Structure formats: C-alpha cells, structure tokens
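Engineer:
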Amino acid sequence: MGDRWHVEVDRSVCIGSAQCVHRANGAFRLDSAMQSHPVEPDTDANERILEAAENCPVEAIVITLLGSGEPVFPPEE
Ligand code: SF4
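Sequential numbering from 73 applies to the sequence shown in my numbering.
#1: Given this structure, state the Cα-to-Cα distance separating residue 75 from residue 115, to the nearest angstrom.
#2: Roughly how many whole angstroms lie between the Cα atoms of residue 100 and residue 137?
#3: So for residue 123, helix, strand or coil by DSSP?
#4: With burial defined as no fewer than 16 other Cβ atoms inside 10 Å of the residue's Cβ, what is the status of residue 87: buried or exposed?
#5: Would the C-beta of residue 98 count as close to ligand 2, meaning under 7 Å from any of its heavy atoms?
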C-alpha cells in the first residue's frame, strides 16, 4: 500500500472491550482506565489496524491518511 496513517481512539466512546488489542497484535494497548491507545499514532497502513477499527463495537477507532487527513475509517459517506 505504502500509505501512512494517523490512528486515534476516541476515549469518550471507547468501552475498553480490548478487541482491538487482541485483533491488531501490539498496535493498541489499554491504559489503567481501560481506555485503548494506539501504540504508534502515526504508522504504516496496516490491515490489522483497519480490521480492528472495522470491528470495534462502538467505532471508537478513527484512521486518516497522514498529511492529507483524508478519512480511511470510518470511510467518507
Ligand atoms: S475495540 Fe473499540 S471499544 Fe474496544 S478497546 Fe478497542 S477502541 Fe475501545
């Protein structure tokens, strides 16, 4: 792919289900408040991170293209 992504977790939405932690091995971790954080907010495009975003039960994970800010997930309507 070659794209670079910026990954954020909306902590007002995250329910700490830890699915992203298991699905995207090592790309997210939970803090002591059971809130998910991307380990590397700026990262190479990565299928596992996209899968984690797609499968987050509350759509708390937002991915944009680094630089342009174009939405990757959720996709633009
Ligand atoms: S899958 Fe979604 S709700 Fe669950 S910990 Fe990750 S970001 Fe939070």
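Here a beta-carbon is modelled for each residue, glycine too, at the ideal position from N, C-alpha and C.
Predicted, not measured: the structure shown is a model, and the values here were computed from it.
Structural biologist: To lay it out plainly:
#1: Along the sequence shown, one-based indexing puts residue 75 at 3. Along the sequence shown, one-based indexing puts residue 115 at 43. Roughly 9 Å separates the two Cα atoms.
#2: What you label residue 100 is simply residue 28 of the sequence shown in a count that begins at 1. What you label residue 137 is simply residue 65 of the sequence shown in a count that begins at 1. Straight-line Cα distance between these residues: approximately 18 Å.
#3: By 1-based counting over the sequence shown, the position of residue 123 is 51. Residue 123: helix per DSSP, three-state reduction.
#4: In the sequence shown, counting from the first residue as 1, residue 87 sits at position 15. Classification of residue 87: exposed, given that the 10 Å Cβ count is below 16.
#5: Among the ligands present in this structure, namely ligand 1, ligand 2 is not found.
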